[in-house]
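Counting from 14, one number per residue, gives the positions in the sequence shown under our numbering.
Quick reminder that beta carbons are idealized off the backbone N, C-alpha and C, glycines included.
These numbers come from a predicted model, not from an experiment.
Written below as structure tokens is the structure these notes are about.
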Amino acid sequence: MMSAVAMGATAFQKGLGGVHALSHPFGAIYHTYHGTMNAVCMPAVLQFSRPAIDGAIGQAAAYLGVSEEFDGSCAFVDDLIASLQIPPSLLGLGIEVPDIERIVSGALEDPSTGGNPVEITAENTREILLKIFCV
């Protein structure tokens with residue numbers, strides 16, 4: 014248990030990135046659970062970040078015993094989310110008409126944004142949100 018806590022603390026020091034930057038305003042506006050929002054946001058943010066993480070994700074894939082590095086890792090994440098019965102979209106959480114501009118603004122102001130391996134802008138944040146909404 015203590016090793017998991019230490020790993021979590023290390024992750025916070027590394028920068029959290031787009032998943033958390035998006036999850037924070039959703040939680041503030043819609044009172045969603047942070048971990049659930051992380052799971053809903055993660056597939057779209059992984060795909061968005063692919064140009065910067067495609068090679069590096071191979072280490073995670075090897076650890077998980079997943080083939081096809083990036084695509085296999087993403088499939089692993091999708092399967093895990095489904096196994097936990099977490100909806101794959103905002104609609105599944107009951108968020109039918111998200112306040113896109115408020116979420117974009119909150120995400121861009123969030124300190125986690127700077128930890129994403131691909132720069133997060135207002136335009137690409139809107140694109141990520143569209144993917145999260147339309148799954």
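- When Cβ pairs closer than 8 Å are counted between the two stretches, the stretch 113–123 is seen not to touch the stretch 57–68, the count staying below three.
- Judged by beta-carbon spacing, Ile-99 lies within the 7 Å limit of Ala-52, meaning their Cβ atoms are closer than that value.
- The alpha-carbon separation between Gln-72 and Ile-141 amounts to approximately 25 Å.
- Ala-95 and Thr-49 have their alpha carbons spaced roughly 12 Å apart.
- Secondary structure of His-44 (DSSP, three-state): coil.
- Counting only the Cα atoms, Tyr-76 lies some 30 Å from Thr-138.
- Boundaries of the alpha helix (DSSP H) around Leu-93: 82–96.
- A straight line joining the alpha-carbon of Tyr-46 with that of Glu-81 spans about 31 Å.
- A direct Cα-Cα distance of roughly 23 Å separates Ala-88 from Ile-133.
- If you draw a 10 Å sphere on the C-beta of Cys-54, you find 16 or more other C-beta atoms in it, and that means buried.
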